Amino acid sequence: MRGLANAEGEVYVVTGVLFPAHFRQRTGPDHVMIPSGMWKAVYDPVANEAAVYVCANTDQPDCKIVSLAVLSQWSGIDVFPTLADTVKQHVMQMPAIEESPYAASVRAEQSKAPGFNWSDRSIRRGLCMLRKALER
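In terms of my numbering, the sequence shown is residues 523 to 658.
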């Protein structure tokens with residue numbers, strides 16, 4: 523997004539998660555909802571164009587670029603409500619989807635770092651038990 527903003531001068535970016543009605547997966551004793559996907563909507567006011575990156579929340583995310591209208595159908599959210607329907611239906615040209623080299627290096631470092639691995643299931647379970655004990 524930084525490259526697009528530098529090239530275009532100004533862009534508006536809104537990020538969110540998807541919780542489709544047919545996919546209400548929950549986890550843990552508190553039944554926390556797990557989003558089925560994440561999205562990043564981008565609007566270029568100079569070109570009056572918009573598009574949305576949407577990625578499935580899976581081990582190997584499946585990402586695509588869609589219109590604001592498609593995002594609205596999937597999420598019920600009208601990210602930029604004042605835009606014309608023609609802008610919402612059109613998918614502007616966006617930078618290619620690629621995995622962030624930063625994200626890959628962070629995951630690699632976390633897996634070999636000594637100490638706590640905050641994403642470890644037993645660590646999370648212990649923290650949840652501690653929180654519940656403190657709430658009593």
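Yeah, the Cβ is synthetic: ideal placement off N, Cα and C, and Gly gets one too. If you're wondering where the values come from, they're calculated on a predicted model, not measured in any experiment.
Contiguous beta strand (DSSP E) assignments of at least 3 residues, all confined to the segment 559-623: 559-566, 571-578, 585-588
Own chain partners of Pro623 with C-beta closer than 7 Å, once the 5 adjacent residues on each side are dropped: Because Pro623 carries a pLDDT of 49, less than 50, the predicted location of this residue cannot be relied on, and the following value inherits that uncertainty. Cβ within range, chain order: n/a, list empty.
Per DSSP, the bridge partner or partners of Val533: DSSP lists no bridge partner for Val533.
Alpha carbon of Arg596 to alpha carbon of Gln582, nearest angstrom: Correcting the residue type first, residue 596 is Trp in the shown sequence and not Arg. For Trp596 and Gln582, the distance between alpha carbons rounds to 21 Å.
Residues that DSSP places opposite Gly538 in a beta bridge: Trp561
Closer than 7 Å: Val533 CB and nearest the ligand NAP heavy atom: This structure simply doesn't include the ligand NAP, nor any ligand for that matter.
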